[in-house]
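Undergrad: Count the sequence shown with the numbering used here and you get residues 2 to 342, in order.
Glycine is no exception: its CB is placed at the ideal position from the N, C-alpha and C atoms.
None of these values were measured; they are calculated from a predicted model.
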Amino acid sequence: MIVYVATEKDNSCLSIKTAKGVELRSGPAPNHQTVDLSGVDILYFDIESYPLPAIRKVLSLLQRREITIPWGVLCKTQHAEDPALFFQEGACDYLGPSLVVEEGLSVRRLKRALSLAAYLSRGKYAEIEEEEMPAASGNEGEQKKSSPPYRFPGWQKIQVGCTYPFYLVYVTLDQQDHIKESLGDSRFQELRSALHRLLTPLVSPVDGLLWMQRNCSFLFLVPYEERRISRVIEQLLRFFLNFPLITCEELHLDRPVGLIAAIHGGELPFAPPGQTGAVISDAVNFIHHLGMKRAEAGRLTLSAPVVSAIPATLGSLFVSAGTFEGYALTQSVRFFPEGNK
2 MIVYVATEKD NSCLSIKTAK GVELRSGPAP NHQTVDLSGV DILYFDIESY PLPAIRKVLS
62 LLQRREITIP WGVLCKTQHA EDPALFFQEG ACDYLGPSLV VEEGLSVRRL KRALSLAAYL
122 SRGKYAEIEE EEMPAASGNE GEQKKSSPPY RFPGWQKIQV GCTYPFYLVY VTLDQQDHIK
182 ESLGDSRFQE LRSALHRLLT PLVSPVDGLL WMQRNCSFLF LVPYEERRIS RVIEQLLRFF
242 LNFPLITCEE LHLDRPVGLI AAIHGGELPF APPGQTGAVI SDAVNFIHHL GMKRAEAGRL
302 TLSAPVVSAI PATLGSLFVS AGTFEGYALT QSVRFFPEGN K
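#1: For Thr324, count the other beta carbons within 10 Å of its own beta carbon; 16 or more makes it buried, fewer makes it exposed. Which is it?
#2: Please classify Val334: does DSSP put it in a helix, a strand, or coil?
#3: Taking buried to mean at least 16 other C-beta atoms within 10 Å of its own C-beta, is Gly185 buried or exposed?
#4: Which first and last residues belong to the beta strand (DSSP E) in which Asp283 is found?
#5: If you compare alpha carbons, which of Arg335, Gly327 and Ala305 is closest to Glu90?
#6: If contact is defined by three or more beta carbon pairs under 8 Å, each pair taking one atom from either stretch, is the region 293-313 in contact with the region 221-239?
#7: Can you tell me whether DSSP reads Gln276 as helix, strand or coil?
#8: For Ala329, count neighbouring Cβ atoms within 10 angstroms of its own Cβ and tell me buried if that reaches 16, exposed if not.
#9: Assuming Phe271 and Val161 make a contact with CB atoms under 8 Å, what is their CB distance in whole Å?
#10: For Glu268 and Ser107, I'd like the C-alpha separation in whole angstroms.
#11: Any contact between the region 79-86 and the region 277-297? By contact I mean 3 or more CB pairs, one from each, below 8 Å.
#12: Which runs of the beta strand (DSSP E), 3 residues or longer, sit entirely within the region 191-230?
#13: Rounding to the nearest angstrom, what Cα-Cα distance links Ile17 and Gly155 in this structure?
#14: Based on Cα-Cα distance, which residue from Gln190, Arg239, Pro206 and Val334 lies nearest to Arg215?
#15: Measuring CA to CA, which of Leu96, Thr8, Pro273 and Phe221 is closest to Leu237?
#16: Hey, could you find the ends of the beta strand (DSSP E) Ile56 is sitting in?
#17: Give the secondary structure of Thr35 by DSSP, where H, G and I count as helix, E and B as strand, and everything else as coil.
#18: Can you name the residues that DSSP bridges to Ile3?
#19: Express the C-alpha separation of Asp83 and Leu174 in angstroms, rounding to a whole number.
#20: Looking at the strands, I want to know which residues DSSP matches up with Pro71.
#21: What is the rounded straight-line gap between the Cα of Val334 and the Cα of Gly40?
#22: Name the residue from Asp47, Ala284 and Ala322 whose alpha carbon lies nearest to the alpha carbon of Ala7.
#23: Among Ile3, Cys163, Ala85 and Val74, which residue has its Cα nearest to the Cα of Leu100?
#24: DSSP beta-bridge partners for Leu238?
#25: Is Thr8 helix, strand or coil when you go by DSSP?
#26: On a Cα-Cα basis, can you pick out the residue from Val23, Leu60 and Tyr165 that is closest to Tyr225?
#27: Around the C-beta of Val320, are 16 or more other C-beta atoms found within 10 angstroms, so that it is buried, or is it exposed?
#28: Exposed or buried, Gly142, counting other C-beta atoms within 10 Å across all chains shown (16 or more means buried)?
#29: Please tell me whether Ile180 and Leu199 are closer than 9 Å, where the distance is taken between their beta carbons.
#30: At the level of alpha carbons, what is the spacing between Leu169 and Pro274?
#31: Which of helix, strand or coil does DSSP assign to Leu106?
#32: Thinking just about the alpha-carbon of each residue, which of Phe87, Gln64 and Ala30 is nearest to the one in Leu53?
Rendered as structure tokens:
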């Protein structure tokens with residue numbers, strides 16, 4: 002894969018780690034004819050050289066020249082103040098200082114970024130193959146027809162072991178060990194059942210599936226169609242708003258507790274619920290890490306692939322939340338106190 006970094010720095014100052022199979026080129030922004038982007042798979046802007054207003058001008062010029070190329074941003078010395086702004090402009094990747102130095106550009110990361118770019122630009126999920134596709138034959142006009150948007154085939158047609166795109170919705174009670182110790186095993190199991198009963202209607206209208214469950218932690222799969230996860234986002238926000246009342250009237254708890262929710266988009270090899278022990282997936286690992294290590298009680302946390310699904314009427318409720326394991330995060334405002342520590 003060929004990566005072009007638009008920067009005013011020389012290569013010795015840039016010093017980005019690259020994996021085998023990645024060719025790194027750098028130079029000024031492609032805002033004039035002397036910069037050749039032919040063969041380049043993805044363009045990164047060094048935001049220390051080109052802030053967002055400058056990036057907008059370059060992208061506008063490329064558009065007028067009918068040049069479309071996936072793009073991302075990187076910053077070597079300090080994080081951008083609001084990384085989500087770049088994704089709102091159409092970026093497909095964000096490399097913060099630690100990633101530039103420690104991880105750099107790997108083929109897997111670039112494929113993931115290109116896949117997101119394809120989804121954002123064409124309204125569908127696209128899997129980027131490592132090898133080039135063979136040249137197609139037939140009428141040139143037929144070759145230019147775009148593929149239809151991704152459509153979920155239905156749970157009955159899903160094949161075990163095959164890889165599919167999903168939204169992963171993780172919901173859990175905060176400080177479960179403390180709650181279990183306070184309630185006792187029997188009462189805690191009642192709490193788990195009650196929470197299961199309350200959460201299921203949030204995803205069932207969009208054909209969501211409870212895929213994994215441990216104590217009061219739940220992982221749902223939602224088909225990778227933006228209209229579906231938009232509805233889940235709205236329902237989760239309503240759930241947060243009502244959670245203090247739910248805590249008392251439905252969960253029968255006499256003290257505040259924290260609710261954590263996070264959503265990520267990615268692909269995974271499907272296995273039926275209860276048979277997921279052998280599943281190996283970056284997306285599954287990430288959503289668990291996000292839910293357990295970074296997401297905050299009282300706030301809905303979204304990774305970059307989910308941000309475009311935020312309903313327009315609810316956009317003002319979300320703010321940028323930095324990055325985590327290579328993904329820019331967006332969080333809702335906090336709806337209720339975190340609960341007793």
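TA: Taking the definition as stated:
#1: Residue mapping note: residue 324 aligns to position 323 of the sequence shown, counting from 1. Classification for Thr324: buried.
#2: Here residue 334 refers to the residue found at position 333 when the sequence shown is read from its first residue. DSSP places Val334 in coil when its eight states are reduced to three.
#3: Along the sequence shown, one-based indexing puts residue 185 at 184. So Gly185 ends up on the exposed side.
#4: Reading the sequence shown from its first residue, position 282 is the one you call residue 283. Unbroken run through Asp283 is the alpha helix (DSSP H), Asp283 to His290; no beta strand (DSSP E).
#5: As a position in the sequence shown, residue 90 is number 89, starting the count at 1. Considering only alpha carbons, the answer is Ala305.
#6: yes
#7: As a working mapping, residue 276 is identified with position 275 in the sequence shown. If DSSP states are grouped into helix, strand and coil, Gln276 belongs with coil.
#8: Sequence index remark: in the sequence shown, residue 329 carries index 328 (1-based). Burial call: buried.
#9: Counted from its first residue, the sequence shown places residue 271 at position 270. Counted from its first residue, the sequence shown places residue 161 at position 160. Confirmed, Cβ separation roughly 6 Å.
#10: Taking the sequence shown and counting its residues from 1, one reaches residue 268 at position 267. Taking the sequence shown and counting its residues from 1, one reaches residue 107 at position 106. Whole-angstrom Cα-Cα distance: 18 Å.
#11: no
#12: 210-215 and 218-224
#13: Within the sequence shown, residue 17 is the residue found at index 16, counting from 1. Within the sequence shown, residue 155 is the residue found at index 154, counting from 1. Whole-angstrom Cα-Cα distance: 43 Å.
#14: Stepping through the sequence shown from its first residue, residue 215 is reached at position 214. Residue Gln190 is the option with its Cα nearest to Arg215.
#15: Counted from its first residue, the sequence shown places residue 237 at position 236. Comparing Cα-Cα distances from Leu237 to each of Leu96, Thr8, Pro273 and Phe221, the minimum goes to Phe221.
#16: Counted from its first residue, the sequence shown places residue 56 at position 55. Segment Leu53 to Arg65 is the alpha helix (DSSP H) holding Ile56; no beta strand (DSSP E) there.
#17: Residue 35 sits at position 34 when you count from the first residue of the sequence shown. Three-state DSSP puts Thr35 in coil, outside helix and strand.
#18: Counted from its first residue, the sequence shown places residue 3 at position 2. Beta-bridge pairing links Ile3 to Glu24.
#19: As a working mapping, residue 174 is identified with position 173 in the sequence shown. As a working mapping, residue 83 is identified with position 82 in the sequence shown. If I take the Cα positions, the gap works out to 29 Å.
#20: As a first step, residue 71 must be located in the sequence shown, where it is residue number 70. DSSP lists no partner for Pro71.
#21: As a first step, residue 334 is located in the sequence shown; it is residue number 333 there, counting from the start. As a first step, residue 40 is located in the sequence shown; it is residue number 39 there, counting from the start. Cα to Cα, Val334 sits roughly 42 Å from Gly40.
#22: To locate residue 7, count along the sequence shown from 1; it is residue 6. For Ala7, the nearest C-alpha among the options comes from Asp47.
#23: As a working note, residue 100 is residue 99 in the sequence shown. Among Ile3, Cys163, Ala85 and Val74, the Cα nearest to that of Leu100 is on Val74.
#24: Your numbering for residue 238 matches position 237 in the sequence shown. Paired residues: none, contrary to the question.
#25: For the purposes of this step, residue 8 is taken as residue 7 along the sequence shown, with counting starting at 1. Here Thr8 sits in coil by DSSP.
#26: Numbered from 1 along the sequence shown, position 224 holds the residue referred to as residue 225. The residue with the shortest Cα to Cα distance from Tyr225 is Tyr165.
#27: Here residue 320 is taken as the residue at index 319 of the sequence shown, counted from 1. Val320 comes out exposed.
#28: Here the question's residue 142 lines up with position 141 in the sequence shown. Residue confidence is low: Gly142 scores 43 on pLDDT, short of 50, so the model does not pin down where it sits. Its coordinate-derived value is still stated next. Under this definition Gly142 is an exposed residue.
#29: In the sequence shown, the residue the question calls residue 180 occupies position 179. In the sequence shown, the residue the question calls residue 199 occupies position 198. Contact flag unset, no.
#30: Along the sequence shown, one-based indexing puts residue 169 at 168. Along the sequence shown, one-based indexing puts residue 274 at 273. When rounded, the distance between both Cα atoms is 14 Å.
#31: Looking up residue 106 in the sequence shown gives position 105. Leu106 falls in the strand class under three-state DSSP.
#32: Within the sequence shown, the letter at position 52 stands for residue 53. When only C-alpha atoms are compared, the closest one is Phe87.
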